[in-house]
Amino acid sequence: KIETINIYEKMAHIQNELKAPKGQYNKFGKYKYRSCEDILEAVKPICLKYRTTLIIHDEIECIAGMNYLKAVCTIYDWDSDNKVEAYAYA
């Protein structure tokens with residue numbers, strides 16, 4: 097039963113089931129890529145199945161006088177109120 101597995105098991109199932117092919121093409125660089133919208137479209141029904149919510153937001157951070165965009169992704173487990181957060185800078 098889905099409600100009895102912890103958030104890390106749910107994340108493993110979501111990652112295993114997620115298929116987000118590179119459906120976009122950059123003509124200038126001549127490469128395929130997937131957009132954030134492509135990934136979200138594919139992951140939303142899987143998150144619903146595993147009773148989780150994925151929230152993504154951006155922040156601006158100043159580090160050593162340089163401004164960086166910090167992308168933050170948080171997954172919330174409906175059954176335990178636990179969350180896992182990951183972030184990356186650009």
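In terms of my numbering, the sequence shown opens at residue 97 and continues consecutively. Note that beta-carbon positions come from the ideal geometry of N, C-alpha and C, so glycine has one too.
Hey, could you find the ends of the alpha helix (DSSP H) Glu113 is sitting in?
103 to 113 is the extent of the alpha helix (DSSP H) around Glu113.
TODO: Flag Ile159 as yes when its Cβ comes closer than 7 Å to any non-hydrogen atom of the ligand ADP, and as no otherwise.
DONE: Absence of the ligand ADP from the depicted structure is noted, as is the absence of any ligand whatsoever, leaving it without description.
Quick check: the Cα distance between Thr100 and His153, rounded to an integer number of angstroms? So the alpha carbons of these two residues sit roughly 29 Å apart.
Compare the C-alpha of Val168 against each of Asp177, Glu155, Ser176, Ile159 and name the closest. Of the listed residues, the one whose Cα sits closest to Val168 is Glu155.
- Message: For the alpha helix (DSSP H) containing Asp134, name the first residue and the last one.
- Response: Looking at the DSSP string, the run of the alpha helix (DSSP H) that includes Asp134 is 132 to 145.
Quiz item: If Lys118 and Lys126 are in contact, beta carbons under 8 Å, what's the gap, nearest whole angstrom?
Solution: Contact annotation, Lys118 with Lys126: C-beta distance approximately 13 Å; criterion of less than 8 Å not satisfied.
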